[in-house]
Amino acid sequence: MGGEMLARGQLQDSLSHYHAAVEGDPSNYLTYFKRGTVYLALAKAKLAVVDFNKVLELKPDFTGARMQRAFILLKQGNLEEARDDFYYVYCPWSPRLRELRSKCYIELNDSFSAILDLKSATKLQSDNTKGYYDLSILHYQIGQPHESLREVRECLKLDPDHKLCFPHYKKVKNVEKFTTSAQTAEEGKDYDTCVKSANKILKTEKEEPMIKFLAYERLCRCYLHLDEITQSLNACEEALRINKSPDVLCDRAEAYINSEMYDDAIRDYQDVLEMTDNYDRAKEGLQRAQKLQKQAEKRDYYKILGVKRTASKKEIIKAYRRAAQQWHPDNFPEGDEKKKAEKKFIDIAAAKEVLTDPEKRQKFDRGEDPLDPESGQHEHFNNFQHFNAFQGGSPFTFRFHFN
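First residue of the sequence shown: 1, per the UniProt record's numbering; consecutive thereafter.
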């Protein structure tokens, strides 16, 4: 209503309305601002300043009130106070001050805030080659080669021969290409190419830590998928020296599990959960590692057959035949040796049953023994059904002798 009265030129009526509104809600900054504009229309500048002061007390970032106050102070001859208000309003649009503040952020190790200021500076000044170069360098330093390449290209659009942008462009272009190649290869499960591309990153960039981190992080995972556990652990270690990433810790934990180093895997998962307690991958990994650790104290079917956890079904059957031939009880004389062989042969047959059955193997890989009565999820295992290990011409027959 006060606004309608003001629009019709009924200034006193409008003022009375805003007086009542202020009394009704003294915390509403907009009411003070509107009353201040009425005071201005009535040429009561001093009273208007009082209201604008109140507005800025309640809401310091209200630019409209600060601008109105600045003009009043200027007309009153309060030049320093007016200047301060004008600086407050117009400084956010100063490229020079944005760049200066970005340097402060860099010193405080706040690269992301520095990037925001530099982005604003490049938009406010169209020919800001230095701003684009600094922006490209910052992106590169925090491990963002794609964004770095984009910004340095903007610099070269303005000056194709720029003495800083051009050499940086040549390097970041290669790093970005190898990074993209490694990512694409990993997503396509082409882990050999992933490793090659990641190593090319390290050959191209030998100094910048976060770029090297990108390469080691990728090597950590891709070597793991290739079952090159030693190389995977080495790459994970190098990555973690640069950046203690939850993902890399989980990757290293997986490598430890594949090496049956369950204590180390558990420690890595626990480190992740100390950093972020709702990280599902670490929670699930920790449970799995703890189950496998308990399982290792019991019967390990992979060890029984002497195969890796990543072994194929063909490799498992081959190992089974070799072990069954070696430990067939008919090969041993009566006595302790034969009893040992009988127990070993039963374990070998059990290992084949579990590891050649996808469902049972999956349970075992989760830390459950499908043949262990204590697990609560065991299945019946016929100790005798696998003893004729070489059907179709086996030279061995196995008979138990009970006294």
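Backbone N, C-alpha and C define an ideal beta-carbon position, used for all residues, glycine too.
Query: Same chain, Cβ closer than 8 Å to Lys44, neighbours up to 5 away in sequence not counted; Result: none
Query: Length of the line joining the Cα atoms of Arg218 and Val195; Result: 7 Å
Query: Local conformation of Pro26 per DSSP, three classes; Result: coil
Query: Among Lys200, Asn331, Leu371 and Leu233, nearest to Glu176 - alpha-carbon criterion; Result: Lys200
Query: Residues near residue 412 in its chain [Cβ-Cβ closer than 6 Å; skip 5 each side]; Result: Because the chain spans 1 through 403 in this model, residue 412 falls outside it and cannot be assessed.
Query: contact_flag[the stretch 67–79, the stretch 35–51] where n(CB pairs < 8 Å) is 3 or more; Result: yes
Query: For Tyr262 and Ile317, the rounded distance between their alpha carbons; Result: 26 Å
Query: Other residues of its chain near Tyr216: CB distance less than 6 Å, five sequence neighbours each side excluded; Result: Ala235, Glu238 and Ala239
Query: Coil, strand or helix - Thr129 by DSSP; Result: helix
Query: Close-in-space but distant-in-sequence residues of the same chain around Asp268 (CB under 8 Å, 5 per side omitted); Result: Leu249, Cys250, Arg252, Ala253 and Tyr256
Query: Per-residue DSSP class, three states only, for Thr356; Result: coil
Query: As assigned by DSSP and simplified to three states, the class of Ile142; Result: coil
Query: Val354 versus Glu297 - alpha carbon distance; Result: 18 Å
Query: Min CB distance Asn278 to chain C below 8 Å; Result: Although the question refers to chain C, the structure presented lacks it and comprises just one protein chain.
Query: Exposed unless 16 or more other CB atoms sit within 10 angstroms - verdict on Ser197; Result: buried
Query: Inter-residue Cα distance where the pair is Tyr87 and Pro95; Result: 13 Å
Query: Three or more C-beta pairs below 8 Å linking the stretch 359–369 and the stretch 284–294; Result: yes
Query: Straight-line gap, Leu202 to Tyr169 (C-alpha atoms, nearest Å); Result: 17 Å
Query: DSSP three-state assignment for Tyr18, whether helix, strand or coil; Result: helix
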